[in-house]
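Participant: These protein sequence lines are chains U and Y, in that order. Residue numbers are given in our numbering: position 90 of the first sequence equals residue 104, and the series is strictly consecutive. Residue numbers are given in our numbering: position 39 of the second sequence equals residue 55, and the series is strictly consecutive.
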Amino acid sequence: MKTRIAPLRLGIERQLRVIGLLDGADEVGLTPLATLELHTLAYLSDALAPVWGLPLVDAQILKGRRPYFPSLQRDIDQLVGLGVIAVAGATYIQAGAQWQVDARFSLHREYADPILNAVRQYENRTRELEFVREVVFAASALGREGIADATSVDAAYGDPVVGEGGVIDLADEQGNATADVARRFAALTGQETSVSPAAMLHLYVRHLFMRLERE
Amino acid sequence: MSNATKRGVGSTGWDDAELLATASEFAGVGSDAGLDRVDRFRAAMARLVGKYCAREAGAAARGSRGLSVFLLYPAEVPDIVADACKRVTMLDRAREPLGGRIWFVNHVGSLARWCPGEFESDDDLFRFVTDDLGLGSVPAVIVDDEDEIELRFYPDGLSRPDKWDRLHPANAQIPLDEILRVVEGVYRKRLVTPATHPTDLKVWADARTGTPVEHAERVLASVVLIALQGRFSWCDVDIERPLPAGRIDIVIDEPVVGDVGTTVTHAILELKVLRSRSHTGRRVGAARTAQAIEDGVVQAAAYRTESKARAAALCCFDMRDDYAGSACFAPVEALASRVGIELRHWHLFRNAKAWRNQQLATGALDVERNEDAS
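Written out as structure tokens, the structure reads:
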């Protein structure tokens, strides 16, 4: 399986992923999504992509208190500039030594829907789109606060072995812990062939909630 | 040992027992991905109420008895109830009282808002949703647990109070009759004449000569599968599942909440196509047809027993030249009764004219009958 995407295509891949995430968020009543929520959902999409046999978009992330991908934010900004994403309440917040954009994002349907319709013409694209939407559907169970806190208990991001400033490598040769745990649900239930990738994803997110509740 | 377990021991504490507990509590979640949002909403509501019913203190947990309504409406709630609304995450844990509330939920049934909704009458509830909230066209589920719990699903919303389906809580028995009514529905809507067939799922190779396609059973199973999966979206509907005794054409399973890895099989359906000729045009005689029907009864009984299904039926789709109704079952009625197999027959007409003539012959077009029906 190809696990990485050629660098030149990354910007487009990220932008399609963001549009898919916001589309899914709209459908479950989570829009507008805050910056942190959007980056967290993008992170979960990468961490869980192997469960669906899909390539990663951003395989490495510098661990902070919460996930934040500068490259993703650049692509979001570009989509805002193109009018595909509507932005509200934009401000800057200090995150450690850096400044980050804090805003709420939603799709501008007039421009986003033609993109989504075009994407759905292609089977592999449709599958990727359905995957990121499913990530949002699953994460909606957590609510806004839960999404914002999810990575603190995530198997890969929350691993205390990797401290802040360390690199989380989701494309590690041994796989990534988040995808491993999601797959573990199928193995444990004795139904490896009948627990669908979507079910693994939903079970994983619900388990994050249980862990958050315990903390 | 898997990577997950290895990591769990050494670092963040991922424990198999805890994962199993989650898998058990949320059995079936996500299995409806791929269905449309209305069917997923229906599945989510069936699971939610089923989970309450499964608990010992289910009735108490549901809160005050009476009506509650769930609206598939994840957007911002209407202004008139905005201040009264409270938000609930993980609704599908079934820990939140349901009764006497109006719920605004997403199609996954996990994120919700609710406002109090006690009404003097059912009509008041309907009017409030349609007139005051302006959400009459939003798919809705009404849960009534005044006496015995009852769920009604309104796919077109409460502005169409006449159009509803009974919805079963997850893990409750689904009557075979109800399953067969879905097959009857898909027959009338999608199969009765070539004009109604789905464009990509044809059963006639040449309707004019009465020649079916080579794998007509498989095509029919696919058409029926789509209808059953939509109607019973909290279940797993599968086709051509292999067993030692053969292949089950259609099986309806459901994961059991609280018992991880366990499923209950509501029903199995054995499908047979009765033909006047094969896909190559070769004539098929009456004796071979009779044998196929008898084989179907035995197959259905064997598959039901082997898969521990609650019920089984033989569904015959009759593509023969002449309409003969269910007379073809006469030789196997005693056998079917002995082994507990329901028998159903649907005739696939080669053209619309044959269908109209058959309706005329049975009196279905008579004015008197239609006046009675209306």
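Yeah, the Cβ is synthetic: ideal placement off N, Cα and C, and Gly gets one too.
Near Pro-228(Y), what residues of its chain come up, given a Cβ to Cβ distance below 7 Å and the 5 sequence neighbours on each side ignored?
Facilitator: By 1-based counting over the second sequence, the position of residue 228(Y) is 212. Same-chain partners within the cutoff: Val-219, Trp-220, Ala-221, Val-289, Arg-291, His-295, Met-335.
Participant: For Ala-224(U) and Trp-30(Y), what's the separation of their Cα atoms in angstroms?
Facilitator: Counted from its first residue, the first sequence places residue 224(U) at position 210. Counted from its first residue, the second sequence places residue 30(Y) at position 14. The identity of residue 224(U) in the sequence shown is Met, whereas the question assumes Ala. About 12 Å.
Participant: Starting from Ile-161(U), trace the alpha helix (DSSP H) in both directions and tell me its first and last residue.
Facilitator: Reading the first sequence from its first residue, position 147 is the one you call residue 161(U). Residues 157-164.
Participant: If you compare alpha carbons, which of Ala-327(Y), Ala-128(Y), Thr-305(Y) is closest to Ala-346(Y)?
Facilitator: For the purposes of this step, residue 346(Y) is identified with residue 330 of the second sequence, where counting begins at 1. The shortest C-alpha separation from Ala-346(Y) is found at Thr-305(Y).
Participant: State whether the stretch 54-72 of chain Y contacts the stretch 99-115 of chain Y, with contact taken as three or more CB pairs (one from each stretch) at a distance under 8 Å.
Facilitator: Touching, yes.
Participant: My output table needs one value for His-221(U): the three-state DSSP class, helix, strand or coil.
Facilitator: Walking along the first sequence from the start, residue 221(U) turns up at place 207. The answer is helix: DSSP assigns His-221(U) an H, G or I state.
Participant: Using a Cβ-Cβ cut-off of less than 8 Å, give me the residues of the stretch 121-135 of chain Y that come near chain U, in sequence order.
Facilitator: Within the stretch 121-135 of chain Y, the residues whose Cβ lies closer than 8 Å to some Cβ of chain U are Asn-122, His-123, Val-124, Ser-126, Leu-127, listed in chain order.
Participant: Apply the 10 Å Cβ neighbour rule to Val-42(U) and answer buried if 16 or more other Cβ atoms are within range, or exposed otherwise.
Facilitator: Against the first sequence, residue 42(U) aligns to sequence position 28. The residue in question, Val-42(U), is buried, as its Cβ has 16 or more Cβ neighbours within 10 Å.
Participant: When you compare each of Ile-309(Y), Val-104(Y), Arg-197(Y), Ile-284(Y) to Cys-344(Y) by their alpha carbons, which one comes out closest?
Facilitator: Start at 1 with the first residue of the second sequence, and residue 344(Y) comes out as number 328. Nearest option by C-alpha distance: Ile-309(Y).
Participant: Cβ of Lys-77(U) within 7 Å of Cβ of Glu-178(U)?
Facilitator: Mapped onto the first sequence, residue 77(U) falls at position 63. Mapped onto the first sequence, residue 178(U) falls at position 164. For Lys-77(U) and Glu-178(U), yes; Cβs fall inside 7 Å.
Participant: Out of curiosity, what's the CA-to-CA distance linking Arg-88(U) and Met-214(U)?
Facilitator: Taking the first residue of the first sequence as position 1, residue 88(U) is located at position 74. Taking the first residue of the first sequence as position 1, residue 214(U) is located at position 200. Approximately 31 Å, taken between the alpha carbons.
Participant: Do we get a CB-CB distance below 7 Å when we pair Arg-228(U) with the residues of chain Y?
Facilitator: Numbered from its first residue, the first sequence carries residue 228(U) at position 214. Closer than 7 Å: no.
Participant: If Tyr-57(U) sits next to Tyr-171(U), beta carbons under 8 Å apart, how far is it from one beta carbon to the other, in whole angstroms?
Facilitator: Taking the first sequence and counting its residues from 1, one reaches residue 57(U) at position 43. Taking the first sequence and counting its residues from 1, one reaches residue 171(U) at position 157. With a Cβ gap of about 7 Å, Tyr-57(U) and Tyr-171(U) count as contacting.
Participant: By Cβ distance below 6 Å, which residues in the same chain neighbour Asn-72(U) in space, the five residues on each side in sequence not counted?
Facilitator: As a working note, residue 72(U) is residue 58 in the first sequence. The question names Asn, but residue 72(U) in the sequence shown is Asp. For Asp-72(U), where only same-chain residues beyond five positions count, the Cβ hits under 6 Å are Asp-60, Phe-83.
Participant: Please report whether the beta-carbon of Met-15(U) lies at a distance below 7 Å from any beta-carbon of chain Y.
Facilitator: Residue 15(U) sits at position 1 when you count from the first residue of the first sequence. Low local confidence applies: a pLDDT of 49 at Met-15(U) is under 50, so the model's placement there is unreliable, with the coordinate-based value given in what follows. With 7 Å as the cut-off, Met-15(U) does not count as an interface residue toward chain Y.
Participant: Using the beta-carbon count (16 or more within 10 Å), is Lys-155(Y) buried or exposed?
Facilitator: Within the second sequence, numbered from 1, the residue matching residue 155(Y) stands at position 139. For the record, residue 155(Y) in the displayed sequence is Pro; it is not Lys. With 16 or more Cβ atoms within 10 Å of its Cβ, Pro-155(Y) is classed as buried.
Participant: How would you list, in chain order, the residues of chain Y whose beta-carbon sits under 7 Å from the beta-carbon of Ser-210(U)?
Facilitator: Counted from its first residue, the first sequence places residue 210(U) at position 196. Near Ser-210(U) (Cβ distances below 7 Å), the residues of chain Y are Gly-46, Ser-47, Ala-49.
Participant: What does Thr-227(Y) pair with, by DSSP beta-bridge criteria?
Facilitator: Residue numbering aside, residue 227(Y) sits at position 211 when the second sequence is read from its first letter. DSSP, once it has assigned bridges, lists Asp-222(Y) as partnering Thr-227(Y).
Participant: Comparing the C-beta of Phe-199(U) with each C-beta of chain Y, is any distance below 7 Å?
Facilitator: By 1-based counting over the first sequence, the position of residue 199(U) is 185. Taking Cβ atoms only, chain Y reaches closer than 7 Å to Phe-199(U), which makes this a yes.
Participant: What are the residues of the stretch 18-43 of chain U that lie near chain Y, defined by any Cβ-Cβ distance shorter than 8 Å?
Facilitator: Against chain Y - using a Cβ distance shorter than 8 Å - the residues of the stretch 18-43 of chain U are Glu-41, Val-42, Gly-43.
Participant: What residues from the stretch 135-149 of chain U come within 7 Å of chain Y, judged by C-beta to C-beta, listed N to C?
Facilitator: Those residues of the stretch 135-149 of chain U that come within reach of chain Y (Cβ to Cβ, closer than 7 Å) are Glu-148.
Participant: What residue from Pro-211(U), Thr-203(U), Glu-227(U) has the CA that sits closest to Leu-35(Y)'s CA?
Facilitator: The count along the second sequence starts at 1 and reaches residue 35(Y) at position 19. Closest option to Leu-35(Y), Cα to Cα, is Thr-203(U).
Participant: Quick check: what's the CA-CA separation for Gln-188(U) versus Leu-83(Y)?
Facilitator: As a position in the first sequence, residue 188(U) is number 174, starting the count at 1. As a position in the second sequence, residue 83(Y) is number 67, starting the count at 1. The straight-line gap from Cα to Cα measures roughly 52 Å.
Participant: Rounded to the nearest angstrom, what separates Arg-158(U) and Pro-210(Y) at their Cα positions?
Facilitator: The residue you call residue 158(U) lines up with position 144 of the first sequence. The residue you call residue 210(Y) lines up with position 194 of the second sequence. When rounded, the distance between both Cα atoms is 50 Å.
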